[in-house]
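Residue numbers (my numbering), protein chains in the order written: chain A, 1 to 416; chain B, 1 to 981; chain C, 1 to 95. We put the beta carbon where it would ideally sit given N, CA and C, even for glycine.
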Amino acid sequence: MRYSGFRILKEALTGHKGWRPVWRSPEPKPQYDIVIVGGGGHGLATAYYLASKFGQARVAVIEKGWIGGGNVGRNTTIIRSNYLLDGNEPFYEFSLKLWEGLEQDLNYNAMVSQRGILNLIHTDAQRDAYTRRGNAMLLQGADEQYLSTDQIRREYPVLNFNDARFPLKGGLAQRRGGTVRHDAVAWGYARGADLRGVDIIQNCEVTGFRIENGICRGVETSRGFIGAGKVGVAVAGSSSRVMAQAGLRLPIESHVLQAFVSEGLKPVMPGVITFGAGHFYCSQSDKGGLVFGGDLDGYNSYAQRGNLPVVEDVAEGAMALIPGLGRVRLLRMWAGVMDMSMDGSPIIDRTPVEGLYFNGGWCYGGFKATPASGWCFAHLLATDTPHPTATAYRLDRFRKGLMIDEKGMGAQPNLH
Amino acid sequence: MRLQQGGQIDRGQKISFRFDGQYYKGHPGDTLASALLANGVRLMGRSFKYHRPRGVLAAGSEEPNALVELRTGGRQEPNTRATMVELFDGLQAMPQNAWPSLRFDALAINDRFSNFLTAGFYYKTFMWPAAFWEKLYEPIIRRAAGLGSITTQPDPDAYDKGYLHCDLLVIGAGPSGLMAALTAGRAGARVILADEDFRMGGRLNADRQSIADMAGADWAAQAVAELAQMPHVRLMPRCTVFGAFDHGIYGAVERVSDHLLTPQPGKPRQTLWRIYSKRALVCAGAIERPIAFANNDRPGIMLAGALRAYANRWAVSPAQDVAIFTNNDDGHRTAADLMALGVHVAAVIDTRPDAPPLAGTAVLAGAQVTDSAGRLGVRAVTVRLANGQSRKLAVGALGVTGGWNPNLGLTCHQRGRPVWEEGIAAFIPGAALAPGMAVAGAAMGHFSTHAALATGAEAARAALADLGHSAPAPDLPRTEDAPTRITPFWHVAGTQRAWLDFQNDVTIKDVKLAHQEGFEAVEHLKRYTTLGMATDQGKTANLGGLAVMAELTGQSIAQTGTTMFRPPYTPVALGALAGRSSGRDFRPTRLTPSHHWAREQGAVFVEAGLWLRAQYYPRAGESHWRESVDREVLATRASVGVCDVTTLGKVDVQGRDAAEFLNRIYCNGMAKLAVGRVRYGLMLREDGIVFDDGTAARLAEDHFVVTTTTANAVAVFRHMEFARQCLWPDLDVQLISTTEAWAQFALAGPKSRAVLERLVDGGVDLSNAGFPFMACAELTICNGCRARLFRISFSGELAYELAVPARYGDALIRKIMEVGAEYDITPYGTEALGVMRIEKGHAAGGELNGTTTARNLGLGRMVSTAKDSIGAVLSRREGLVAPEGLELVGLRPANPQSQIPAGAHLLAQGAALVAANDLGHVTASCYSPNLGSYIALGFVKNGAARMGETLRAASPLTGVDLEVQITSPHFYDPEGERLRA
Amino acid sequence: MIIPHPLLGPCDAQEFTYLGDASLIARPDGMAEGAADAFYDYLYLRDNPAGLHRELWYHEQGDRSWLVVTRNTLTHEIVTVELARDVARAEGRGR
């Protein structure tokens, strides 16, 4: 079924009887060519691109709970491609380009809203580092723009220009960045994949891999064995747990990241802003809630909940940057489990087990990567070669000293 | 309307307030909602999506409809629930999300198109053409978005934070909470009793049943009075416990001044309490749920328990003629209470065919309310009788009850899973509660007052027993103990819209559509329809939605499950969470020992992390910062300058194994450093990347002082402690961070020795031979002041760093200036410091950015292969030693007056501006007054082999593009003759 | 969170800085054969368990002790807390 305004009109006039499930709920088949473990954004996108761009017909996505229930359903919805390093920037720029055509491709309105993202500058050293990054982006063909304090004042009059502890000295704006309705990304990919024959199997937990002579033959699940020519794992915060079932240890720790939404407010924030002198970033949803977040809680956790100190820290950042928020109320806080890698950059690669492929280590940047991650993982699964924009995301880069460390924090995941 | 009698209000006093431009009167004890109802105002707001007229639904914090913008100016507070606003004289409130007015709202047009604006319709359209989303559709949607509006003025009020500790935290001061607090308090336990209401008592204040032969409210007041006498019990009304966090820590917000026009002098508006409890008891009561029927959202249609609360506590009824719609006995109680207060109850419409009778009104057993009428408030409801006939009742209010849900919020914050309790047709807290947490009373599903008292007392005793105290069982006061009789009934069948989530306008039709499209999982239902996502987080809505979904899927509600309640329990002001850490107090400000002196000199300051450092010292007649900086650099190089370098990290390293320890911490050798000598040290992270650099000075065989960069002072000390305690616990070495203990000044320039000689006490040979470059000593200055002297140089001049105990820092800078006057000593700031270090090619922040290796910095040979030091092994990985690596170089512009911007990228001459041609980047840049040219440092692939090459330095971001020549990074005195002079 | 410090009693976790898996105590010998592989494993690979996790916390705003905290990453429950120095010695580390 094609979605359109006319379709809504027609259904409205005929009692909405024609709407069908957005994806089927099939029983798992005994064998697929490719099984994707993880029905989150990346897994669903991978399946969609396998089916739509790489001609793979026999594909299943298996998900232990409900699709979109992981980090694609609990993030701050930001998209951008403002990366410094050659290993990252082309990939994220590819992702941003895919976002730009996503809705037409999927025939699903995920509300990709290119309202711009602004990184604020508070010190000269930060200006130098940001300038280097902005130039790197321009050299890579992305967009980036330097804004003076006066320009920022015109766009964001609500920011603290008067008595800030760390005065605002300018900013870097990526106009093509913005936000996307996060749940809709999962649903849109699920619908697109399902329409192309992908089986999306919810409530099906992987309990083990069947590995024979070093070759992965399929997955054991709570609903029985499912055979697969290739298995791709895209399970974000659960990466270590799932891959341990194949006997693999990863350069990844799971950490909890909290995010927050305020009560609905009339629009005050045109785009996304990030505070350069504290851990705080913020945008405003189309419903009016301010969506914001900050730093990791900092300790390993699988609990999907955080603690008060980070809540307070984020609120302090909010108040430091936007003094008018004092009487705005925080409505809800939640947390996701982040697959924090050792250099802050992801992994899309084969593994030492033949037929088993891994996609993870997204840290807290996984949402914006969803389309490219899906495409590149699909490329790897379908062709056994890395996509040109993802060649740096190798599993062996730590052994070889080829880290992709945007922040320069080294092998300490909670600092990335 | 205000009832003739009753109510916990002070009828003797009148207070005036304003809503929507109209002035009204109320009484102390009123809420804004009760006062508006008393004044005959039923219409208080508009819904989010369809802009339907709305009145108050509830009497507590679960209110979804009656949201107002409270106060004005910098105190304007959007989305404030009228039910939670304690009335005060001069209160001003405005309706929100309505234009041009609350009574006539233009966007109510949305309601006419509701058939097109179904759940998730926006996912299916607005896709063509692509650019129209940002340009057309989304702006329209955003124009309609949001509820209240925020002010752009800063909040004039203060917020505080505090810590509290207790044996037992009791959350909620209804019958179970009061009984629990009494039981524990009488036993001598440290108790905190917190309640979101300004009047403790919970439902006891809203009901008429008696306890111990007195009115419930009076018994509550008596209990509160007894608790107030106990010194170890802290009563916290107006205090919402909003979150249950790890290890018994609860977050709570006390609304200290929200019931006042303005806070009293010195008082905060609100206080965030972090309550550290050994045990916590959730006595949060229950929240009533409605029954959905067509047009069940009109002002005047409210929860029956709320209708009862308004009548009993505030002596208010929205109308003289009311009806009750119920599926349980509690609805009958509401009817009885209202009749007792003189309100006419037209009928009790009870869905149960076997509904009991009720004196004074007609009970319509087996009947259902099928519709309502009235544009801005309910005028009449249509009832379908058990026999199928329809009847219209003309009423100004309808009390609806579908039963009560235990108030689960806090019990889910640590992922406790509620379980379905058939007897009350509701979820109750599951067994897996947060450690130390228990639940009592209605929050646990015990709905009778007797059960609330009994379970409250019992839970308090159990908590105390857990802590090793015993509390005697109290004599429970006599009260009603009626069983709850309910026959679950969730919604009236029909084709018109029946509301589940009032604020977000989610109707049964939306749930049906979600089911039809496969959004059956509760989280999918929520996210697709927005059920439960409004400011009330679905407190009254969620279960109704789940029940409808369960009906559609043929599963039980227990199988269907429930969404997660997450913190906060009710919304919390960001100001309270931030406390005092806002504006200039966002973070502490660290001042150097010479700060006050520097301010006297008119210095301009700059942030260096938390530090404020003097950036430069402008003099009269200097109109541009460059003039000052150039002067400071030239004066220092010509004669002598002084700079406060206290911010550099300092670590005292002592012990027999101090040298061995440092030998492992630094990649270069430290073991053989002679006493009285200083060595430059390069510290790697274990991954082989440069972590930090500094100096190590050996003051004695077993005593070193090492310095770190300002930025890494904390991290380096942490790292050294890690190595000392975790890696080599038996090395005899002790560490003390002395960054704050010593004030340290750099004296630089050819005349620095002469200045120093006027400070240092006699007997010290400061000659080049006696105290050569890289010497150090402990000595005294100014007649006996303890000091440390290091002959080290960041500027490239003959230079010293002189340290004294921090308390003498201010005196020392004044003394230095005094004795240096003869040489026209010049104080210099961080800018001049930066210029001189770039002239010398020393690495600093731009080069030590956590991604560079010793090789990148041209220091590759420093990494010793003869020993095991941190980072040495992994620094030899192939990716870090590959040819074509970045190497630190100097850069000079073809035109000396052209600035080379830091952050510019370097490419071959004439190469196109694409990443494939990228050869490196500029890390630091300045104007060198000594060279009369702009200069810069940068990293270039194979830079050392490219000396003399001309490159393109491009910063398209800032519109700069120029030619630069690669030179040695050592622009000034490359042989280092000056610093050895 | 509250960390029961073996010397100081219960301390708020805010006083501490977190490092990560306590296996970081077991630093390989940099001069030994195969040090490159051993260091790769040591520095980069993690068990990252969902359950009990032995991890290093530093009492930065306290007594500067490094602690080994055994904590459940699913519930955040803390089971034991030891001085990292004692753990290191017990694991055979000395000079």
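Runs of alpha helix (DSSP H) with 4 or more residues, each lying fully within the region 276-337 of chain B, are found at 304-314, listed in chain order. By the neighbour-count criterion, in which a residue is buried when 16 or more other Cβ atoms sit within 10 angstroms of its Cβ, GLN5(B) is exposed. Rounded to whole angstroms, the separation of the alpha carbons of ASP128(A) and ALA902(B) is 5 Å. The C-beta of GLN909(B) has fewer than 16 other C-beta atoms within 10 Å across all chains shown, which makes the residue exposed.
Taking a cut-off of 8 Å for Cβ pairs, the region 398-408 of chain A and the region 4-14 of chain C do not touch, as fewer than three such pairs fall below it. The alpha carbon of VAL56(B) has as its nearest neighbour, out of ARG71(B), ARG75(B), ASN39(B) and ALA82(B), the alpha carbon of ALA82(B). Around TYR146(A), the beta-carbon contacts reaching into chain B at under 8 Å are LEU957 and THR958. As the crow flies, the alpha-carbon of GLU91(C) is around 38 Å from that of ILE275(B). Along the length of the region 845-927 of chain B, whole alpha helix (DSSP H) runs at least 4 residues long occupy 878-881, reported in chain order.
Only those residues of the region 37-53 of chain C whose C-beta falls short of 7 Å from the nearest C-beta of chain B are listed: PHE39 and LEU43. Excluding sequence positions up to five before and after LYS17(A), its CB lies within less than 8 Å of the CB of GLU11, all in the same chain and listed in chain order. Closest option to GLU847(B), judged by alpha-carbon separation, among ALA244(B), SER925(B) and GLY377(B): SER925(B).
Contact annotation for GLY20(C) against chain A: GLU253, ASN300, GLN412, PRO413 and ASN414 [CB-CB distance below 8 Å, chain order]. Here PRO10(C) is bridged, per DSSP, to PRO4(C). The residues LEU766 and LEU798, in chain order, have a CB closer than 7 Å to that of ARG753(B) in the same chain once the five nearest residues on each side in sequence are set aside. Neighbours of SER240(A) across chain C, judged by C-beta separation under 9 Å: ARG46, ASP47, ASN48, PRO49 and ALA50.
The C-beta of TYR163(B) has fewer than 16 other C-beta atoms within 10 Å across all chains shown, which makes the residue exposed. Under a criterion of Cβ atoms nearer than 7 Å, the residues of chain C adjacent to ASN307(A) are, in order, MET1. Among the residues of chain C, those whose CB is under 8 Å from the CB of LEU250(A) are LEU45, ARG46 and ASN48, following chain order.
DSSP places PHE19(B) inside the beta strand (DSSP E), whose first and last residues are 15-19. Close CB contacts of SER240(A) within its chain, under the 7 Å cut and outside five residues either way in sequence, are with LEU250, ILE252 and SER254 (chain order).
Taking a Cβ-Cβ threshold of 7 Å, the residues of chain A close to LEU513(B) are HIS16 and TRP19, in chain order. Taken in chain order, the complete beta strand (DSSP E) segments of 3 residues or longer contained in the region 345-406 of chain B are 363-365, 368-373, 380-384, 390-394, 397-401 and 404-406.
Taking the Cα positions, GLY430(B) is about 12 Å away from GLY409(B).
Inter-segment contact for the region 543-551 of chain B and the region 569-576 of chain B is absent: fewer than three beta-carbon pairs are separated by less than 8 Å. When DSSP states are grouped into helix, strand and coil, LYS135(B) belongs to the helix group. By the C-beta density criterion, GLY15(A) is exposed, having fewer than 16 other C-beta atoms within 10 angstroms. In the DSSP secondary-structure assignment, CYS643(B) is bridged to ALA746(B). With a threshold of 9 Å between beta carbons, THR80(C) makes no contact with chain A. Using a Cβ-Cβ cut-off of 9 Å, PHE398(A) counts as an interface residue toward chain C, since at least one Cβ of chain C sits closer than that to its own.
Relative to THR70(C), the option among GLY30(C), ALA88(C), GLY51(C) and GLY62(C) whose CA is nearest is GLY51(C).
In the same chain as THR865(B), and ignoring 5 residues on each side of it, the C-beta atoms closer than 8 Å to its own belong to ALA872, in chain order. For ASP692(B), the secondary structure class from DSSP, reduced to helix, strand or coil, is strand. Any Cβ of chain B closer than 9 Å to the Cβ of HIS5(C) would place that residue at the interface, and such an atom is absent.
With respect to the 9 Å criterion, ILE792(B) and GLU801(B) are classified as neighbours on the basis of their beta carbons. Taking C-beta atoms as the reference points, LEU43(B) and TYR24(B) fail to come closer than 9 Å.
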